[in-house]
Amino acid sequence: MNSLLVVLISIVCFLIAYVTYGAWLAKQWGIDPTRKTPAHTK
424 MNSLLVVLIS
434 IVCFLIAYVT
444 YGAWLAKQWG
454 IDPTRKTPAH
464 TK
């Protein structure tokens, strides 16, 4: 049971880090969701 608890806590921590770091990167890079990708501009 202990190892299951460690795995669940790790997954939750990774998910929180993924969301917060992704939001921080989007803010730093100035990501614009309406901008077309290079594949769609030609």
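The sequence shown begins at 424 in the working numbering and counts up one residue at a time.
Built from N, CA and C at the ideal position, the CB exists for glycine as well.
Just so you know, these numbers come straight off a predicted model, no measurement behind them.
Straight-line CA distance for residue i to residue j?
i, j, result
"residue 426", "residue 435", "14 Å"
"residue 455", "residue 449", "9 Å"
"residue 443", "residue 437", "10 Å"
"residue 447", "residue 424", "35 Å"
"residue 433", "residue 439", "10 Å"
"residue 441", "residue 451", "15 Å"
"residue 464", "residue 445", "25 Å"
Which residue marks the beginning of the alpha helix (DSSP H) containing residue i, and which one marks its end?
i, result
"residue 461", "461-464"
"residue 439", "425-452"
Beta carbon of residue i: closer than 7 Å to some heavy atom of the ligand FAD?
i, result
"residue 449", "Absence of the ligand FAD is noted for the structure shown, with no ligands found whatsoever."
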